[in-house]
Amino acid sequence: MMTVDLRSDTVTKPTPGMLEAMWSARVGDDVFGEDETVNALEAKAAAMFGMEAGLFCPSGTMTNQIAIKCFTQPLDELIADQRSHVYRYEGGGIAFNSAVSTRLLDGDRGRITAEMIEPEINDINNVHYPRTSLVVLENTVNKGGGSCYTLEDIKPIATLCKQKGLKLHLDGARIFNALAHTGDPAIAYGQYFDGISVCLSKGLGAPVGSVLLADKDTIKYARRVRKVLGGGMRQAGFLAAAGIYALDHHVHRLTVDHAHAQILAEALSNQSWVEQVLPADTNIVLFDTVQPAKEVLQKLSEKGIKANATDAHRIRFVTHLDVHPEQVEYVVKALKEL
Ligand SMILES: Cc1ncc(COP(=O)(O)O)c(C=O)c1O
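According to my numbering, the residues represented by the sequence shown are 571 to 908, in order.
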């Protein structure tokens, strides 16, 4: 029986080429700023997105949490969609790390707009209210089923944030999936965001790591926060080398994952046990099941297919580097037999 792991795009293993790049990395002590491969990755990622500087961190949770710390003061409030990773899946870190509260919006599959944000910005002169200081967007939106913002969607939000003196952070865990779908250029992003978190260990297939991008002063402070959180790594260049390799070799192939997601979405939409399939714009397919998701997951696992439930009747399939065409074919066939 074939095994197909559709739980997450975080499950990929390094390719031989990536392992070779890691093996031959030139490293130093990154806490002393002496790891040339880490420095190269930070500079490369910053240049790609039109930002001044970067900071390599162990995880996307850490880059997001550091950004929130950099862009807020204790007692402030941030605005985000209710599905957002920073709010739901980072262990309450917004409150714990930054002593900040969260105002939640309900966007279209996680995508919020300037019109939705503006009325939620608190009156700074009224001491009843926390000071609104930050807006966080996620692109693609994980819990929105990989839904994307275009730059045209983002521009009015960035303009509003500038007008109101708010910082704007992007959780770009899957930003390259969004770019592959929208066709927007990465380089244009820097002018709209104060901070961007880019994950290397999701669709890009690196084993570890995310990069926080911002201006030089923010990154200088972010480096201090990373140390406090225990994220100062030493010969991290072995990991950064995987990140550089991923940026060079695994960005262009994301469209393959998107095509695979489309095939799965179409196959699912023809099954009587599927209530509805959400639009699969990128590499995530969300679908609602007639029976409890738990029961469907059990049947899938009996056929060697691993997936996750995101709600009592909702299942998520995620395509990635280690899901090959013959595995997609196998899943399509297995779905019919379920
Ligand atoms: C949208 C989003 N942001 C941030 C993260 C956090 O990344 P990490 O698992 O590296 O902490 C994830 C992880 O799945 C994610 O999906």
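Note that CB positions come from ideal geometry on N, CA and C, so glycine has one too. Bear in mind that the values here come from a model prediction, so they are computed numbers and not experimental data.
Beta strand (DSSP E) segment containing aspartate 787, residue limits: One-based indexing of the sequence shown puts residue 787 at position 217. For aspartate 787, no beta strand (DSSP E) segment is defined; the enclosing uninterrupted segment is the alpha helix (DSSP H) at 786–798.
Taking the C-alpha atoms as reference points, what is the distance between methionine 632 and glycine 801? The residue labelled residue 632 in the question sits at position 62 within the sequence shown. The residue labelled residue 801 in the question sits at position 231 within the sequence shown. Approximately 8 Å, taken between the alpha carbons.
Less than 8 Å separating the beta-carbons of lysine 990 and serine 767? In the structure displayed, the chain extends from 571 to 908; residue 990 sits before or after that span and is not available.
Decide if isoleucine 636 is buried, meaning its Cβ has at least 16 other Cβ atoms within 10 Å, or exposed. Your numbering for residue 636 matches position 66 in the sequence shown. Isoleucine 636 is buried by the Cβ-count criterion.
Are the stretch 661–671 and the stretch 711–724 in contact at 8 Å, needing three or more beta carbon pairs? Taking a contact to require three or more Cβ pairs closer than 8 Å, the stretch 661–671 and the stretch 711–724 do not qualify as touching.
Where does aspartate 605 land, buried or exposed, given buried means 16+ other C-beta within 10 angstroms? For the purposes of this step, residue 605 is identified with residue 35 of the sequence shown, where counting begins at 1. By the neighbour-count rule (16 or more Cβ atoms within 10 Å), aspartate 605 is buried.
Enumerate, from N- to C-terminal direction, the unbroken alpha helix (DSSP H) stretches of 4 or more residues contained entirely within the stretch 811–881. Listed in chain order, the complete alpha helix (DSSP H) runs (minimum 4 residues) inside the stretch 811–881 are 824–839 and 863–872.
Please list, in chain order, all residues of the same chain as glutamate 612 whose beta carbon is under 6 Å from its beta carbon, the five residues on each side excluded. Position 42 of the sequence shown, counted from the start, is the residue given in the question as residue 612. Cβ contact annotation for glutamate 612 (same chain, cutoff 6 Å, sequence separation greater than five): Gly624 and Phe626, in chain order.
In the DSSP assignment, the alpha helix (DSSP H) including aspartate 723 goes from what residue to what residue? Sequence index remark: in the sequence shown, residue 723 carries index 153 (1-based). Aspartate 723 -> alpha helix (DSSP H) spans 721–734.
Cysteine 718 - DSSP class collapsed to helix/strand/coil: The residue given as residue 718 occupies position 148 in the sequence shown. For cysteine 718, the three-state secondary structure derived from DSSP is coil.
Return the CA-CA distance between histidine 894 and isoleucine 875, expressed in angstroms with no decimal places. Within the sequence shown, residue 894 is the residue found at index 324, counting from 1. Within the sequence shown, residue 875 is the residue found at index 305, counting from 1. In a straight line, the C-alpha of histidine 894 is about 13 Å away from that of isoleucine 875.
From this set, Glu896, Asn712 and Cys640, which residue's C-alpha is nearest lysine 786's C-alpha? On the sequence shown, position 216 is the one that residue 786 refers to. For lysine 786, the nearest C-alpha among the options comes from Cys640.
Where does serine 654 land, buried or exposed, given buried means 16+ other C-beta within 10 angstroms? Here residue 654 is taken as the residue at index 84 of the sequence shown, counted from 1. Buried.
According to DSSP, simplified to helix, strand and coil, what is histidine 883? What you label residue 883 is simply residue 313 of the sequence shown in a count that begins at 1. DSSP, read as helix, strand or coil, puts histidine 883 in coil.
Using a threshold of 7 Å, is the CB atom of glutamate 708 nearer than that to any non-hydrogen atom of ligand 1? The residue you call residue 708 lines up with position 138 of the sequence shown. Yes, the beta carbon of glutamate 708 sits closer than 7 Å to at least one heavy atom of ligand 1.
Count Cβ pairs between the stretch 821–840 and the stretch 854–862 that sit closer than 8 Å; are there 3 or more? Cβ pair count under 8 Å is three or more, so yes.
I'd like to confirm something about glycine 807: is its beta-carbon nearer than 7 Å to some heavy atom of ligand 1, or not? Numbered from 1 along the sequence shown, position 237 holds the residue referred to as residue 807. Result no, Cβ not under 7 Å from ligand 1.
Could you tell me the boundaries of the beta strand (DSSP E) in which lysine 713 lies? Start at 1 with the first residue of the sequence shown, and residue 713 comes out as number 143. Unbroken run through lysine 713: none, as it is neither H nor E.
Restricting to Cα atoms, I'd like to know which of Ile649, Lys713, Thr825 and Arg658 is closest to threonine 752. The sequence position of residue 752 within the sequence shown is 182, counting from 1. Ranking Ile649, Lys713, Thr825 and Arg658 by Cα distance to threonine 752 puts Thr825 first.
Under the DSSP definition of a beta bridge, which residues are partnered with valine 581? On the sequence shown, residue 581 is found 11 positions in, with the first residue counted as 1. Paired residues: none, contrary to the question.
Using 8 Å for Cβ pairs, my map puts leucine 675 next to isoleucine 649. What's the rounded Cβ distance? Sequence index remark: in the sequence shown, residue 675 carries index 105 (1-based). Sequence index remark: in the sequence shown, residue 649 carries index 79 (1-based). Correct: roughly 7 Å between the Cβ atoms.
Need the endpoints of the beta strand (DSSP E) that glutamate 708 sits in, please. Locating residue 708 in the sequence shown gives position 138, where the first residue counts as 1. Secondary structure note for glutamate 708: its beta strand (DSSP E) is the uninterrupted segment 701–708.
Run of the beta strand (DSSP E) containing glycine 624, from where it starts to where it stops: Numbered from 1 along the sequence shown, position 54 holds the residue referred to as residue 624. Glycine 624 -> beta strand (DSSP E) spans 623–627.
Out of Pro628, Ser578, Val866 and Tyr657, which one is the CA nearest neighbour of glutamine 805? As a position in the sequence shown, residue 805 is number 235, starting the count at 1. Comparing Cα positions, the closest option is Pro628.
Range of the contiguous alpha helix (DSSP H) that encloses serine 671: In the sequence shown, counting from the first residue as 1, residue 671 sits at position 101. Going by DSSP, serine 671 is part of no alpha helix (DSSP H) but of the beta strand (DSSP E) stretching over 671–675.
I'd like the list of long-range same chain contacts for alanine 831, defined as Cβ closer than 6 Å, with 5 residues on each side in sequence excluded. The count along the sequence shown starts at 1 and reaches residue 831 at position 261. Here alanine 831 has Ala850, Asn853, Val855 and Thr889 as same chain residues with Cβ atoms under 6 Å from its own Cβ, once five neighbours each way along the sequence are excluded.
Is the number of C-beta pairs between the stretch 769–786 and the stretch 593–609 that are closer than 8 Å three or more? Too few Cβ pairs lie closer than 8 Å, so no.
Neighbour-count burial assignment, phenylalanine 808, 16 or more Cβ in a 10 Å radius: On the sequence shown, position 238 is the one that residue 808 refers to. Buried.
If contacts are defined as beta-carbon pairs under 8 Å, then glycine 620 and alanine 758 qualify, I think. What distance do you get, rounded to the angstrom? The residue you call residue 620 lines up with position 50 of the sequence shown. The residue you call residue 758 lines up with position 188 of the sequence shown. Yes, glycine 620 and alanine 758 are in contact; Cβ-Cβ is about 7 Å, under 8 Å.
What do you reckon, are the CB atoms on leucine 749 and glycine 765 nearer than 8 Å? Here residue 749 is taken as the residue at index 179 of the sequence shown, counted from 1. Here residue 765 is taken as the residue at index 195 of the sequence shown, counted from 1. Note that the C-beta distance between leucine 749 and glycine 765 is not below 8 Å.
Tell me whether asparagine 878, by its Cβ, gets closer than 7 Å to a heavy atom of ligand 1. For the purposes of this step, residue 878 is taken as residue 308 along the sequence shown, with counting starting at 1. Taking the Cβ of asparagine 878 as the reference point, every heavy atom of ligand 1 lies at 7 Å or farther away.
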